[in-house]
Each structure stands twice: as structure tokens, then as C-alpha cells.
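Per the numbering used here, residue 69 is the first one in the sequence shown, and the count goes up by one each step. Glycine residues also receive a C-beta, built at the ideal position from the N, C-alpha and C atoms. All values derive from a computational prediction rather than experimental measurement. In what follows, a single structure is set out as C-alpha cells and then discussed.
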Amino acid sequence: MVTQLVEPTEKLVYQRPDSLAELYTHYCPGCTHGTAHRLVAEVLDELRLQNDTILVASVGCSVFSYKYFDVDAAEAAHGRACAMATGIKRVHPDKIVFTYQGDGDLASIGLAETMHAAIRGENITVIFINNAIYGMTGGQMAPTTLPGQETTSSPFGRDVRLTGNPIHVAELLAAIPGTAYSVRRSMHDARHVLQAKKAIQTAFTVQQQGLGFSIVELLSSCPTNWKMTPNEALSWVRDNMLPVYPLGDYKVPESLQSTKRGKRD
Numbered sequence: 069m070v071t072q073l074v075e076p077t078e079k080l081v082y083q084r085p086d087s088l089a090e091l092y093t094h095y096c097p098g099c100t101h102g103t104a105h106r107l108v109a110e111v112l113d114e115l116r117l118q119n120d121t122i123l124v125a126s127v128g129c130s131v132f133s134y135k136y137f138d139v140d141a142a143e144a145a146h147g148r149a150c151a152m153a154t155g156i157k158r159v160h161p162d163k164i165v166f167t168y169q170g171d172g173d174l175a176s177i178g179l180a181e182t183m184h185a186a187i188r189g190e191n192i193t194v195i196f197i198n199n200a201i202y203g204m205t206g207g208q209m210a211p212t213t214l215p216g217q218e219t220t221s222s223p224f225g226r227d228v229r230l231t232g233n234p235i236h237v238a239e240l241l242a243a244i245p246g247t248a249y250s251v252r253r254s255m256h257d258a259r260h261v262l263q264a265k266k267a268i269q270t271a272f273t274v275q276q277q278g279l280g281f282s283i284v285e286l287l288s289s290c291p292t293n294w295k296m297t298p299n300e301a302l303s304w305v306r307d308n309m310l311p312v313y314p315l316g317d318y319k320v321p322e323s324l325q326s327t328k329r330g331k332r333d
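Here it is in C-alpha cells:
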């Protein structure tokens, strides 16, 4: 009896991207920071940008992102990622420079740096994680916290009469002439994760084409500080964050509008 070797028919569809370091992350179970990291790394691989990319890491839950991506990286002071990215891009205009920031870092202490980078039309890309709370420091109210949302510093829910309404970063930056691309996506299910990846790819393409400031806002979960299971947290994003933060393309370069025109989801 002769044993025939059968060639495997399975197609490899999942492996660690080269742009992602072989390290365990410190993120809580169910946090979608890890998913966002993978999306960025996949895009860098597919665009063949790993060796031409510089990451500027922020302060917050993603403070160690400079370890998790296998690209050149620098750590910025709290809120100053866009300012540092501006300097790096001007010194290395041939490199792809991106920041990875949470809502406390970008929308609170770093709002001025972010807005002025957009006003100047700096040719950098921002990946903005919006989980409606300060994650690293214990779950306090953030500029993105929803009306009525309970946090450690708003135990009775956010009162907009005292603290105002949540900030809408994608819409705000879209109104600035120097912004070339500003969109919001969500990470709460597989379909929206795939849409998020396409947006990230477009943002890096915008930078490659020298069109100006680009930002992708990603609605993310925080099971630990929301005091929910991972599945409950994903449902909470869908049921509570999406009505407050509508998904869509808020500004897209004219050269890309044939495929991106007026998308709302």
C-alpha cells in the first residue's frame, strides 16, 4: 500500500502582521485597543510602510503602543502627540508619521495641539480612540463622556448643565480647512471593524498623497471602567455611543469622493 501525501488545501487567512511586535499587551480583556493596533499594523504591511513609518505614542491606556508596533516610535508628553508628530514630519517629510491617541489625551489636554496641527494642515495621520472615559487613571469623566453616563467623577451621571455636552472630534476637525480627511468608525462588531480598517488605509493614503491632516476616530469599548463584560461593552457602544457619535465620513478629499461620497452608517 502506497501512502499518498495530500497537499493542504487550507488558505492562511490569519497571522500576526509584521508591523506588530511579538509581545503580550497590557490591555484589559475585551478592550478594543488590541483590535485597533492590529488594523493599523495590517494596513502598514499591506501598504509596505513598516520601514518608512514613525509612530508617536500618547499618554493613556495606549502609552506602551511604542512597544507594540514594530516601527520606529517616540513617546510624547501628555496631549502633545500632534506637536511632536509635526516636528518629526517636518524633519522627515519622506516618512509616514502617525499618532495613536485616546480621548483624554487628544480631546482634553491635547485638544489645542490637535486642532492647530489640523489648522496648519500638517501632513500627519491621527488614530483616535474614543471610549467615552478616562481609562488609565480610573474611569473619570472625559470630554467624550455621554450625557447621563456614570463615571468615578460623575457618579450620578454627566450633567450637561454643569459640564457641557460631549465633544465631537471628527465633526470639529472636519470644519478646519487644513483637514483633508476626517471620519468616524466603530469597533463593536466584525462588519464595523472591517470598515474601520478601510478608513485607516484611506487615512494613510491621504498622507502618502500629501493632502494634509487626516484623522480616524474609532468608537471603542472599556469593559473594566464601564463595569461590564466584554460582550456587554460592545453592545453598549452600539446602543449608546452610536446615537451620540454618528458614524460617517465628515470630510474626504475630492479625489477620493467617488468611492466615499456621503457615507453614513
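Next item on the list: Please confirm whether residue 87 and residue 112 have their CB atoms less than 9 angstroms apart.
Entry: Taking the first residue of the sequence shown as 1, we reach residue 87 at position 19. Taking the first residue of the sequence shown as 1, we reach residue 112 at position 44. Yes, Cβ-Cβ distance for residue 87 and residue 112 is below 9 angstroms.
Next item on the list: Would you grab the beta carbon distance between residue 118 and residue 139 for me? Rounded to a whole angstrom, and I think it's under 8 angstroms.
Entry: The residue labelled residue 118 in the question sits at position 50 within the sequence shown. The residue labelled residue 139 in the question sits at position 71 within the sequence shown. The beta carbons of residue 118 and residue 139 sit about 6 angstroms from each other, so the pair counts as a contact at 8 angstroms.
Notebook entry, point to check: Would you call the region 157-168 and the region 215-234 in contact, with 3 or more CB pairs under 8 angstroms?
Noted result: no
Check: Where does residue 102 sit, in a helix, a strand or coil, going by DSSP?
Finding: For the purposes of this step, residue 102 is identified with residue 34 of the sequence shown, where counting begins at 1. Of the three classes helix, strand and coil, the one that applies to residue 102 here is helix, per DSSP.
Check: Looking only at its own chain, which residues have a Cβ that is under 6 angstroms from the Cβ of residue 151, when we skip the five neighbours before and after it?
Finding: Indexing the sequence shown from 1 puts residue 151 at position 83. Hits under 6 angstroms: 181.
Check: Should residue 352 and residue 125 be called a contact, given that it needs their Cβ atoms to be closer than 9 angstroms?
Finding: The chain is shown only over 69 to 333; residue 352 falls outside these bounds and no answer can be derived.
Note to self: Taking only three categories from DSSP, how would you classify residue 331?
What the structure shows: For the purposes of this step, residue 331 is identified with residue 263 of the sequence shown, where counting begins at 1. Since pLDDT at residue 331 reaches only 49, below the 50 mark, its modelled position is unreliable, and no value is offered.
Check: Is the CB-CB distance between residue 249 and residue 282 below 9 angstroms?
Finding: For this step, residue 249 is matched to residue 181 along the sequence shown. For this step, residue 282 is matched to residue 214 along the sequence shown. Yes.
Next item on the list: Entirely within the region 248-333 and at least 3 residues each: give me those beta strand (DSSP E) ranges in chain order.
Entry: Those beta strand (DSSP E) runs which fall completely within the region 248-333 and span 3+ residues are 281-287, 316-319.
Checklist line | Collapsed DSSP secondary structure at residue 154 in the structure displayed | finding: Position 86 of the sequence shown, counting from 1, holds the residue named residue 154. Judged by DSSP in its simplified three-state form, residue 154 adopts helix.
Next item on the list: Name the residue from 102, 273, 231 whose alpha carbon lies nearest to the alpha carbon of residue 191.
Entry: Counting from 1 along the sequence shown, the entry for residue 191 is found at position 123. The residue with the shortest Cα to Cα distance from residue 191 is 273.
Checklist line | C-alpha gap between residue 298 and residue 99, whole angstroms | finding: The residue given as residue 298 occupies position 230 in the sequence shown. The residue given as residue 99 occupies position 31 in the sequence shown. About 7 angstroms.
Margin query: If I measure Cβ to Cβ from residue 132 and keep anything under 7 angstroms in the same chain, skipping five residues before and after, which residues do I get?
Written below: Position 64 of the sequence shown, counting from 1, holds the residue named residue 132. The answer, listed in chain order, is 94.
Check: Quick one: is the Cβ of residue 208 within less than 8 angstroms of any heavy atom of the ligand PLP?
Finding: As for the ligand PLP, it is missing from this structure, which has no ligand bound.
Next item on the list: For the beta strand (DSSP E) holding residue 193, just list the boundary residues, first then last.
Entry: Here residue 193 corresponds to residue number 125 of the sequence shown, with the count starting at 1. Boundaries of the beta strand (DSSP E) around residue 193: 193-198.
Notebook entry, point to check: Which partner residues of residue 141 appear in the DSSP bridge assignment?
Noted result: What you label residue 141 is simply residue 73 of the sequence shown in a count that begins at 1. BP columns for residue 141 point to 123.
Check: Identify the residues that DSSP records as bridge partners of residue 167: which are they?
Finding: Mapped onto the sequence shown, residue 167 falls at position 99. Paired residue(s): 124, 194.
Notebook entry, point to check: Is DSSP giving residue 130 helix, strand or coil here?
Noted result: To locate residue 130, count along the sequence shown from 1; it is residue 62. Residue 130: coil per DSSP, three-state reduction.
Item checked: For residue 222, the residue or residues it bridges with in DSSP -> Translated into positions along the sequence shown, residue 222 becomes position 154. Bridge partners of residue 222 according to DSSP: 219.
Note to self: Only counting the same chain, and skipping five residues up and downstream in sequence, which positions put a Cβ closer than 8 angstroms to that of residue 108?
What the structure shows: Counting from one through the sequence shown, the residue named residue 108 turns up at place 40. These residues qualify, in order along the chain: 87, 137, 166, 168, 195, 268.
Next item on the list: Use the C-beta contact count for residue 202: other C-beta atoms within 10 angstroms, 16 or more gives buried, fewer gives exposed.
Entry: The residue you call residue 202 lines up with position 134 of the sequence shown. By the neighbour-count rule (16 or more Cβ atoms within 10 Å), residue 202 is buried.
Check: Are residue 284 and residue 219 touching if we call contact CB-CB under 9 angstroms?
Finding: Within the sequence shown, the letter at position 216 stands for residue 284. Within the sequence shown, the letter at position 151 stands for residue 219. Contact: no.
Check: Could you give the distance in angstroms between the alpha-carbon of residue 122 and the alpha-carbon of residue 253?
Finding: Sequence index remark: in the sequence shown, residue 122 carries index 54 (1-based). Sequence index remark: in the sequence shown, residue 253 carries index 185 (1-based). Those two C-alpha atoms are separated by around 23 angstroms.
Notebook entry, point to check: Does the distance from the CB of residue 212 to the CB of residue 234 come in under 9 angstroms?
Noted result: On the sequence shown, residue 212 is found 144 positions in, with the first residue counted as 1. On the sequence shown, residue 234 is found 166 positions in, with the first residue counted as 1. Contact flag set, yes.
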